[in-house]
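Peer 1: Before anything else, here's the structure in question.
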Amino acid sequence: MTKQPCYFPHTKKIFEIPLLGNISSLGILHTPFSQEKVFPLVIVLHGLASSKNGTKRSYFHLANQLVQAGISVLRVDLPGHGDAEGFLHEFSLNDYIQASQRIIEFGLSLPQISSSVALFGSSFGGSLSLLNLPFFPTIQHAAVWAPTIQGSLWLEDAKLSSSLPQGLSPENFSYQGISLGKTFCSQFLELDLLVPLSKISEQVSILYLQGEDDAVISLRHRDLFTKNFAGKLSYRTYPKMTHHLCVHSKAFQDIVNWLTHQLLGTSWSFSL
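First residue of the sequence shown? That's 595 in the working numbering, and the numbers climb one at a time after it.
Put into structure tokens, the structure is as follows:
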């Protein structure tokens, strides 16, 4: 029987964060109860058509475990998601890149945060995390779950699997039943993380995880990443796991343990 998580009391503070022009979002900062004045920080970037809560409150569970270890966590909705203003179809990929940069800048500006900061991104949030690493050299760690590495590769896989919704073209597709803007679609298909990957410092540590049965992002993205990333890399695929990151999985616990290891120096190894 799966052990149920226990809530760990800690401080939560809500911020209204400007992201794009007149578009703002709500962010939640989780901070441990402690006499310490500064803490390491994990900034969470959620996936497309998701939110700062994640599926079945997965990012709340992540924050709850990390604050128990002594790490602060910042969760913010991207524009058109969750409690943020706007609708998903109104924003381009470039808008999301800019918004994610504002989120990271906000996290780095918090007075209670130490110099030890890591990113965690799931799916599209993983892509945004990797895109941003060259612009924030003080961030030396990132954990990503099933990111898109190349939009053109995603399209190849989508055509082969017939996963493009009927009646929609590659220039105007939807995700989880939600239509995406035409500009987003065209920019997404041009997405190529190999360029920013080449600009990431070799001192940066990345944890790359994915489910073997992922029908949304194929393992070809993982292979492309591992072949081209020159920094410190740990990666693993998990049998019988799909694109969904379950909080009761070994993958989820590996993310928690790896982030704790990178930010606090605790021992770490992949779960057995």
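C-beta: ideal position from N, C-alpha, C; glycine also.
This one's a predicted model, so the numbers in the text were calculated from it and none came from an experiment.
Count the other C-beta atoms from every protein chain shown that fall within 10 angstroms of the C-beta of I608, then say buried if there are 16 or more, exposed otherwise.
Peer 2: Here the question's residue 608 lines up with position 14 in the sequence shown. With fewer than 16 Cβ atoms within 10 Å of its Cβ, I608 is classed as exposed.
Peer 1: Run the proximity test for Q781: is its beta-carbon closer than 7 Å to any non-hydrogen atom belonging to the ligand COA?
Peer 2: Among the ligands in the structure shown, none appear at all, so the ligand COA cannot be discussed.
Peer 1: Is there contact between the stretch 624-642 and the stretch 667-686, where contact requires at least three CB pairs shorter than 8 Å?
Peer 2: Cβ pair count under 8 Å is three or more, so yes.
Peer 1: Using a 10 Å radius around the Cβ and a threshold of 16 neighbouring Cβ atoms, would you call H624 buried or exposed?
Peer 2: Working through the sequence shown from its first residue, we reach residue 624 at position 30. So H624 counts as buried.
Peer 1: Hey, out of A737, L791, S645, whose CA is closest to Q847's CA?
Peer 2: Looking up residue 847 in the sequence shown gives position 253. The candidate whose alpha carbon is nearest that of Q847 is A737.
Peer 1: Figure out for me which residue from T742, L687, S723 has the closest Cα to the Cα of S799.
Peer 2: Locating residue 799 in the sequence shown gives position 205, counting from the first residue. Closest option to S799, Cα to Cα, is S723.
Peer 1: Would D808 be called buried (16 or more neighbouring beta carbons within 10 Å of its own) or exposed?
Peer 2: Counting from 1 along the sequence shown, the entry for residue 808 is found at position 214. That one is buried.
Peer 1: At the level of alpha carbons, what is the spacing between K650 and K793?
Peer 2: Counting from 1 along the sequence shown, the entry for residue 650 is found at position 56. Counting from 1 along the sequence shown, the entry for residue 793 is found at position 199. Whole-angstrom Cα-Cα distance: 35 Å.
Peer 1: Considering only their Cβ atoms, is the gap separating P634 from S666 smaller than 8 Å?
Peer 2: Locating residue 666 in the sequence shown gives position 72, where the first residue counts as 1. Locating residue 634 in the sequence shown gives position 40, where the first residue counts as 1. Yes.
Peer 1: If you draw a straight line from the alpha carbon of T821 to that of I743, how long is it in whole angstroms?
Peer 2: On the sequence shown, position 227 is the one that residue 821 refers to. On the sequence shown, position 149 is the one that residue 743 refers to. The residue asked about is misnamed: residue 821 is Lys in this sequence, not Thr. Near 12 Å, if we compare the C-alpha coordinates of I743 and K821.
Peer 1: Candidates L660, C779, S703: which alpha carbon is nearest L682's?
Peer 2: Taking the sequence shown and counting its residues from 1, one reaches residue 682 at position 88. Checking every option, the nearest Cα to that of L682 belongs to C779.
Peer 1: For V661 and F714, what's the separation of their Cα atoms in angstroms?
Peer 2: One-based indexing of the sequence shown puts residue 661 at position 67. One-based indexing of the sequence shown puts residue 714 at position 120. If you take the alpha carbons of V661 and F714, they lie about 15 Å apart.
Peer 1: From the DSSP secondary-structure annotation, give me the bridge partner or partners of Q744.
Peer 2: Along the sequence shown, read from residue 1 onward, the residue named residue 744 stands at position 150. Q744 pairs with D786.
Peer 1: For W852, does the three-state DSSP call read helix, strand or coil?
Peer 2: Within the sequence shown, numbered from 1, the residue matching residue 852 stands at position 258. Here W852 sits in helix by DSSP.
Peer 1: In or out: D817 buried (at least 16 other Cβ within 10 Å) or exposed?
Peer 2: Counted from its first residue, the sequence shown places residue 817 at position 223. Flag for D817 reads exposed.
Peer 1: May I ask you to list the residues that DSSP assigns as paired with E610?
Peer 2: The residue labelled residue 610 in the question sits at position 16 within the sequence shown. L620.
Peer 1: Which stretch, first to last residue, makes up the beta strand (DSSP E) that contains A809?
Peer 2: Locating residue 809 in the sequence shown gives position 215, where the first residue counts as 1. Segment: none, A809 is in no beta strand (DSSP E) and carries neither H nor E.
Peer 1: In three-state DSSP terms, what is V670?
Peer 2: Counting from 1 along the sequence shown, the entry for residue 670 is found at position 76. Correct three-state label for V670: strand.
Peer 1: So which of H837, L687, N726 has the shortest CA-CA distance to L791?
Peer 2: In the sequence shown, counting from the first residue as 1, residue 791 sits at position 197. When each option's Cα is compared against that of L791, the closest is N726.
Peer 1: Restricting to runs no shorter than 4 residues, where is the alpha helix (DSSP H) found entirely within the stretch 650-734?
Peer 2: Correct list: 652-663, 687-703, 718-726.
Peer 1: By the 10 Å Cβ neighbour count, where 16 or more other Cβ atoms means buried, how is G761 classified, buried or exposed?
Peer 2: Locating residue 761 in the sequence shown gives position 167, where the first residue counts as 1. Any reading at G761 needs caution, since the residue's pLDDT is 48, under 50, leaving its predicted position unreliable; the model's value is listed next. Exposed, because fewer than 16 other Cβ atoms sit within 10 Å of the Cβ of G761.
Peer 1: Check M595 in the structure and name its three-state DSSP category.
Peer 2: By one-based count along the sequence shown, residue 595 stands at place 1. The predicted model places M595 with a pLDDT of 41, which falls under 50 and marks its position as unreliable; any figure quoted below should be read in that light. Reduced to three states, the DSSP call for M595 is coil.
Peer 1: In three-state terms, what does DSSP make of G615?
Peer 2: One-based indexing of the sequence shown puts residue 615 at position 21. Coil at G615, not helix or strand.
Peer 1: So, at 6 Å on beta carbons, what are the nonlocal neighbours of H855 in its own chain, with the 5 sequence-adjacent residues on each side left out?
Peer 2: Taking the sequence shown and counting its residues from 1, one reaches residue 855 at position 261. Around H855: W862.
Peer 1: Does DSSP put F633 in a helix, a strand or coil?
Peer 2: Here the question's residue 633 lines up with position 39 in the sequence shown. Three-state DSSP puts F633 in a strand.
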